[in-house]
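Notes follow once the structure below has been shown.
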Amino acid sequence: ESYTNTPLRHFREDFCGTAFLSSHFVTRHPDNHALGIDLDWPTLNWGIKHNVSHLTSEQQQRLTLINDNVLNVQHPLSQLTVAMNFSYMVFRDRPTLLQYIRNARRSLQPGGLFVLDIWGGSETQVEQEEHRDIDNPADDGIGDFIFVWDQDVFEPSTYFCTTRIHFLFRDGSELRNAFVYDWRMWTIPEVTELMKEAGFEDVHFLWEGLNVEANEGTGTYHRVEKGDSDPSWIAYLVGQNPA
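So the sequence shown is numbered by the working numbering: it starts at 25 and just counts up by one.
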């Protein structure tokens, strides 16, 4: 609303997966409507069972899920379209990514916003595993576990990469390759150039603030002209459809 001076009532979640954001959005206001699009039906179906099912019947009526390619869907028009979790990086060539960004603009109302997340930094190009201890208080019989982010392959000549997620459990068992991503690691200048070419205005990025004492991110993102030389970062790209 701070961008457009208009209440946000129509939201589109591309590559929505389990439709978590869309499901949350319709709970925020009785006039909110959400559209979620994903190509993978089993993932959408999981979201219907575990996220959508917890909504009231009235909230469910304001949520539309479409099992289709995001390249194919333009209507209904949204005020805000997001592509999170770097999912657009599945488009590994420039013409296809440009096609997607153009379609995203055409799916917006005049003055609407398009937001993508993007990651980078020197550590993201290193073939390595990162282990993270996860506290799991849920009474699901699983208990605490270790989340493994596996940067398996990075090809510097193409920026193609393969990343994997594994889970290690306290009983010694493990679930390997629970998620596998074959992406092209797009850069901020590449994507912002494509957004401008697709017709977006006021293209810019949001960078995470730094807690100097703790030497860690604050979790709050601000519009900046230049980012910091961080070994691993996540930022957000924003573009506005002409009014």
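Every residue, glycine too, gets a C-beta built ideally from N, C-alpha and C.
Would you give the residue range spanned by the beta strand (DSSP E) that F115 belongs to?
Taken as a continuous stretch (DSSP letters only), F115 belongs to no beta strand (DSSP E), as it is neither H nor E.
Cβ contact (3+ pairs, closer than 8 Å) linking the segment 198-206 and the segment 177-188
yes
To which residues of the same chain is G241 closer than 8 Å at the C-beta, ignoring the five residues directly before and after it?
E232, G233, L234, N235
Tell me G60's beta-bridge partners as DSSP assigns them.
The partner list for G60 (beta bridge, DSSP) reads E37, L89.
On a CA-only basis, which of D195, P119, V262 is nearest G167? Give me that one, please.
Here the closest residue by C-alpha is D195.
Consult DSSP for E54 and reduce its assignment to one of helix, strand or coil.
A small fix is needed here, since residue 54 is Pro in this sequence, not Glu. Residue state, collapsed to three classes: coil.
Spatial neighbours of Q133 within its chain, please: C-beta separation below 8 Å, excluding the five flanking residues on both sides.
H34, L101, S102, Q103, N265
Checking the sheet assignment: what are the DSSP bridge partners for V172?
According to DSSP, V172 bridges with H155, H190.
Whole-angstrom distance between D38 and T120, CA atom to CA atom
Rounded to whole angstroms, T120 to D38 spans 15 Å at the Cα level.
Would N280 be called buried (16 or more neighbouring beta carbons within 10 Å of its own) or exposed?
Since the first residue of the chain shown is 25 and the last is 267, residue 280 is not available in this structure.
Going by DSSP, name the residue or residues bridged to I258.
In the DSSP secondary-structure assignment, I258 is bridged to W143.
Those runs of the beta strand (DSSP E) which lie wholly inside the segment 206-243 and span at least 3 residues
As far as the segment 206-243 is concerned, its whole beta strand (DSSP E) runs of at least 3 residues are 225-235.
Using DSSP with H/G/I as helix, E/B as strand and the rest coil, what is L137?
strand
Taking three-plus beta-carbon pairs below 8 Å as touching, is the segment 104-118 in contact with the segment 66-81?
The segment 104-118, when compared against the segment 66-81, does not touch it at the 8 Å Cβ threshold.
Per DSSP, the bridge partner or partners of F203:
I189
With distances taken Cα to Cα, identify the nearest neighbour of D164 among E154, E151, F193, D174.
When each option's Cα is compared against that of D164, the closest is F193.
How many angstroms separate the CA atom of Q149 from the CA atom of P213?
17 Å
With a 10 Å radius around its C-beta and 16 neighbouring C-beta atoms as the bar for buried, classify R247 as buried or exposed.
Under a 10 Å Cβ-count criterion, R247 is classified as exposed, with fewer than 16 other Cβ atoms of the shown protein chains found around its own Cβ.
Beta strand (DSSP E) segment containing T105, residue limits
Here the beta strand (DSSP E) through T105 covers 102-107.
Please state the DSSP three-state secondary structure of Y124.
helix
Quick check on G263: does DSSP put it in helix, strand or coil?
strand
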